[in-house]
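Taken in sequence, the protein lines are chains A and B.
Going by the working numbering, the first sequence opens with residue 1, and the numbers climb by one from there.
Going by the working numbering, the second sequence opens with residue 430, and the numbers climb by one from there.
Where is the CB? At the ideal position from N, CA and C, for every residue including glycine.
Input: a single structure, listed below in structure tokens.
2 protein chains.
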Amino acid sequence: MNKIYNPTPDTWASILERPTKTVNDIEQTVKEIFAAVQKDGDVAVSNYTKQFDGVSFDNIEVTATEIDAAVASLPNELKEAIALAKANVEKFHQAQKTSRVSVETAPGVQCWQEKRPIQKVGLYIPGGTAPLFSTVLMLAVPAKIAGCNEIVLCSPPDKNGNINPAILYAANLCGVTKIIKVGGIQAIAGMTFGTQAIPKVYKIFGPGNQYVTVAKQLATQFGVAIDMPAGPSELLVVADDTAVPAFVASDLLSQAEHGTDSQVILVSISKEMMDAVENEIQSQLEVLPRKAIAEKAIANSKLIFIENDAIALDLINEYGPEHFIVCTANNDFYVDGIQNAGSVFIGNYTPESAGDYASGTNHTLPTNGYAKNYSGVNLDSFMKSMTFQKISETGIQNIGKAIEIMAEAEGLQAHKNAVTLRLAQIEKV
Amino acid sequence: MNKIYNPTPDTWASILERPTKTVNDIEQTVKEIFAAVQKDGDVAVSNYTKQFDGVSFDNIEVTATEIDAAVASLPNELKEAIALAKANVEKFHQAQKTSRVSVETAPGVQCWQEKRPIQKVGLYIPGGTAPLFSTVLMLAVPAKIAGCNEIVLCSPPDKNGNINPAILYAANLCGVTKIIKVGGIQAIAGMTFGTQAIPKVYKIFGPGNQYVTVAKQLATQFGVAIDMPAGPSELLVVADDTAVPAFVASDLLSQAEHGTDSQVILVSISKEMMDAVENEIQSQLEVLPRKAIAEKAIANSKLIFIENDAIALDLINEYGPEHFIVCTANNDFYVDGIQNAGSVFIGNYTPESAGDYASGTNHTLPTNGYAKNYSGVNLDSFMKSMTFQKISETGIQNIGKAIEIMAEAEGLQAHKNAVTLRLAQIEKV
Chain A
1 MNKIYNPTPD
11 TWASILERPT
21 KTVNDIEQTV
31 KEIFAAVQKD
41 GDVAVSNYTK
51 QFDGVSFDNI
61 EVTATEIDAA
71 VASLPNELKE
81 AIALAKANVE
91 KFHQAQKTSR
101 VSVETAPGVQ
111 CWQEKRPIQK
121 VGLYIPGGTA
131 PLFSTVLMLA
141 VPAKIAGCNE
151 IVLCSPPDKN
161 GNINPAILYA
171 ANLCGVTKII
181 KVGGIQAIAG
191 MTFGTQAIPK
201 VYKIFGPGNQ
211 YVTVAKQLAT
221 QFGVAIDMPA
231 GPSELLVVAD
241 DTAVPAFVAS
251 DLLSQAEHGT
261 DSQVILVSIS
271 KEMMDAVENE
281 IQSQLEVLPR
291 KAIAEKAIAN
301 SKLIFIENDA
311 IALDLINEYG
321 PEHFIVCTAN
331 NDFYVDGIQN
341 AGSVFIGNYT
351 PESAGDYASG
361 TNHTLPTNGY
371 AKNYSGVNLD
381 SFMKSMTFQK
391 ISETGIQNIG
401 KAIEIMAEAE
411 GLQAHKNAVT
421 LRLAQIEKV
Chain B
430 MNKIYNPTPD
440 TWASILERPT
450 KTVNDIEQTV
460 KEIFAAVQKD
470 GDVAVSNYTK
480 QFDGVSFDNI
490 EVTATEIDAA
500 VASLPNELKE
510 AIALAKANVE
520 KFHQAQKTSR
530 VSVETAPGVQ
540 CWQEKRPIQK
550 VGLYIPGGTA
560 PLFSTVLMLA
570 VPAKIAGCNE
580 IVLCSPPDKN
590 GNINPAILYA
600 ANLCGVTKII
610 KVGGIQAIAG
620 MTFGTQAIPK
630 VYKIFGPGNQ
640 YVTVAKQLAT
650 QFGVAIDMPA
660 GPSELLVVAD
670 DTAVPAFVAS
680 DLLSQAEHGT
690 DSQVILVSIS
700 KEMMDAVENE
710 IQSQLEVLPR
720 KAIAEKAIAN
730 SKLIFIENDA
740 IALDLINEYG
750 PEHFIVCTAN
760 NDFYVDGIQN
770 AGSVFIGNYT
780 PESAGDYASG
790 TNHTLPTNGY
800 AKNYSGVNLD
810 SFMKSMTFQK
820 ISETGIQNIG
830 KAIEIMAEAE
840 GLQAHKNAVT
850 LRLAQIEKV
């Protein structure tokens, strides 16, 4: 671990720098796969599944029989845990519903804003070592509440051509309309262009490795929206002597086990706390099954001593962490002052895992400093805001003159004319 | 104009196709300019201003003296029109403020969502023939209401090194914090990387030609967010015999005068209305100052006869127009059923110009079919949604078990451990 004491603000940028990724060499591969899927549809998809996932099968859509088997196979204990998490995610996202915003801006000029669901959405759920069924909840639950008609889920098959049963169970429970056994770049390409088996969608959500990330970026060039640009997961904890070192260490480690490129930072105004957390990390690390991964992430982690809370907050806002745990005597100061963070966890009994799984907040959050300009996934991510206006004769008389003057000043005579004709008609009557 | 009668749904996609743009040859230029501005800052910016705008000057930031001169030079009539428009835009966007969404998802588990302003935003306002000071209102007013700290505006200088006084006036009135005389790709690059004179921003808003559009797309690869991908402006009108042909024609023409690539479509269940609108367009077109532009756009326009409202609505949702005017006996049917549109204008006295200038709705809207997956600019465009959670001892006891089970099932032992440690601590006490 790297310990840094009172860094001056001009060094913050380099201290807080995230690892740069080179996407150029990946980009060519991604473009090739996109072109093939656009041209050859399912045939291309099958070829890449064979090549990358090492498996070949006919029907890439998950059947009702497969879902039934998954439902039957899952332990009751896990089903109950998923039910509790789903209920909390539902409560929190249901509460985010907004009603029509309606304003009569001038007499006879009625304007309103409404949100309507994005009709077709695609959810990408990675396979691999950790079957992220929790991400299914985080994406499918708000999609359903938003009212999206078509909710397509793509996830890579294992060597036997199956998707992890917990993923199938969660997808079925949350109202996913179609589950497709396709992963990686070919899944994103399939949802971008549509194939015989994979529906074309309007917006793609979900995490993934760097190939999936670059594929999602490329998808935007073909008219598909994405939830947000992705990067390695990250956690910043600010803790003083009121924090419990063992808890802080466990949170840092739970971030570190995600991947060797995970970002882990402790900021503290207490050198004692920094040392205590460091010791705790070492002892907890020893017994972790994913020790090899966590160890590498921890080696790159940073423990930063800062003189006072005000400077600490500035540094944290400069970083813009995805996850931000606040465990200090001055929690309100940090909570009120944080401008750039994906999700904020407050106090000794609020581990990041709570938000990852079951408290109800969404765990799909902006990484890589994107907390400065992107929201985490929320109900609105599955809707778009539309405006409406209805103007009466009185209304156009009230604002018509202003429109004519402004249109004229912008040199747009036809814009003016659309008003002039109407005003003339009203005067005639 | 192209008249089409009862097209079958399998032909809709080709009938409604927008002109494809090739960005590949532009992309290279954009990348070069980005690299130069990233490397050489203001020196590069100045070189490109000389090359593209044909003007050279020292101080690219607009001074208070220049603003005072602009304020003094603007006719009172125009100032009053701008004041009226600004007041309406303020009312409508102010009403979009949302309060904290707070839910106790389980006893002791308090979750909330808050929106906080994006701290640094950049507004791009094109120069050229039409000085779009109205766009300044549409972007700076919500930025100010959102609470963005730094609102930077870039707009290209004319041959004398000046920005149109109406743009300066509006920018100053709306609380823009810095006005920079830089346009085109170099302006977007400057706001992406920051130079000595141009602040780096977190999100860039505003219209522009295809160079600016590609530059904004490239900016996203450097961590900057953008309002939305842009395309030529477009209008679809659905009108039956209850519409006034002259009004419909004037609306279609006000769209057509934007550019030769503007998209103009009339959908009608009345052949008589189609013919009447066609005649009106011809006669109104003759007297327009921008006739040459409008004529070309109209030549590519489409008048589509559809048998009934239900099919018409399907076709319109398939297209997803930026602007959608509804002038029929069944307005409610269309308003309730429209899923994909940027902004909807209802009835004979609601011209598109009203929304372009003064009704209060935003005129920065998704074109090119992006109404299917993007919102128009609104208050939330200048904010990001963050979540917070605070869990008590009781709270973690209520959801801790579910977290442990799910973390274990995903193979993430450290995530589980963060909860286990806390539960153990509580039991000890």
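Note down, in chain order, every chain B residue with its Cβ under 8 Å from the Cβ of A/S262. The contacting residues do not exist; A/S262 stays about 11 Å from chain B at best.
In this structure, how does DSSP classify B/K520 when only helix, strand and coil are distinguished? helix
Taking only beta-carbon atoms, is B/K857 less than 8 Å away from chain A? no
For A/A219, list the residues DSSP reports as bridge partners. Note: A/A219 sits in no beta bridge, so no partner.
Using beta carbons (cut-off 8 Å, strictly below), is A/G342 in contact with chain B? yes
Report yes if the C-beta distance between A/K203 and A/A225 is below 8 Å; otherwise report no. yes
For the beta strand (DSSP E) that contains A/H258, what are its first and last residues? Careful: A/H258 lies outside any beta strand (DSSP E) and carries neither H nor E.
Would you decide whether A/E272 is buried or exposed? Buried here means 16 or more other CB atoms lie within 10 Å of its CB. exposed
Three-way DSSP call (helix, strand, coil) for A/N368 in this model: coil
Looking at chain B, is there any beta carbon in it that lies within less than 8 Å of the beta carbon of A/K216? no
For the region 615–630 of chain B against the region 638–655 of chain B, are there 3 or more C-beta pairs whose distance is under 8 Å? yes
First and last residue of the uninterrupted alpha helix (DSSP H) at B/H792: Where B/H792 is concerned, there is no enclosing alpha helix (DSSP H), given that its DSSP letter is neither H nor E.
B/R529 - DSSP class collapsed to helix/strand/coil: coil
Where DSSP assigns a beta bridge to A/L315, which residues make up the other side? Looking at the DSSP assignment, A/L315 forms no beta bridge with any residue, so it has no partner.
By DSSP's criteria, A/L303 is part of a beta bridge. Which residues make up the other side? A/K3 and A/L266
Beta carbon proximity, A/V103 to chain B, threshold 8 Å: yes
What are the uninterrupted segments assigned as alpha helix (DSSP H) that are 4 or more residues long and contained completely in the region 367–414 of chain A, given in chain order? 393–409
Assumed close pair B/P750, B/A723 - CB separation to whole angstroms, cut-off 8 Å: Not confirmed; about 18 Å, so no contact.
In terms of residues, what are the limits of the beta strand (DSSP E) holding A/I163? Note, A/I163: premise wrong, no beta strand (DSSP E); not H, not E.
Taking the CB atoms as reference points, tell me whether B/V696 and B/I627 lie closer together than 8 Å. no
For chain B, check one thing: does any of its Cβ atoms lie closer than 8 Å to the Cβ of A/I265? no
What residues in its chain sit with their C-beta under 6 Å from that of A/Q38, if we drop five residues either side in the sequence? F193
Going by DSSP, what residue range makes up the beta strand (DSSP E) through A/Q110? V109 to P117
Below 8 Å between beta carbons is the criterion; list the residues of the region 625–656 of chain B that meet it against any residue of chain A, in chain order. Y631, K632, Q646, T649, Q650, G652, V653 and A654
Pick from A/I145, A/N76 and A/A171: whose alpha carbon is nearest that of A/A64? A/A171
Compare the C-beta of B/N759 against all C-beta atoms of chain A and say whether one is closer than 8 Å. no
B/C540: contacting residues in chain A (beta-carbon distance under 7 Å): F92, S359, G360 and T361
Mind pulling the chain B residues with CB within less than 9 Å of A/R100? Those within 9 Å of A/R100 in chain B number zero; the least Cβ separation is about 10 Å.
In three-state terms, what does DSSP make of B/F676? helix
Per DSSP, cross-strand counterpart(s) of A/C148: Beta-bridge pairing links A/C148 to no other residue.
Between which two residues does the beta strand (DSSP E) holding A/K120 run? K120 to Y124
Could you please give the first and the last residue of the uninterrupted alpha helix (DSSP H) stretch that includes A/E278? K271 to L285
Mind listing the chain A neighbours of B/R719? Cutoff is C-beta to C-beta under 8 Å, in chain order. G411, L412, Q413 and A414
Once you ignore the five residues that flank A/S233 on each side, which residues in its own chain have a CB closer than 8 Å to its CB? Q255, H258, G259, S262, Q263, E322, H323 and T367
Hey, out of B/N517, B/T816 and B/P674, whose CA is closest to B/N708's CA? B/P674
When the cut-off is 8 Å and only beta carbons count, does B/E715 lie next to chain A? no
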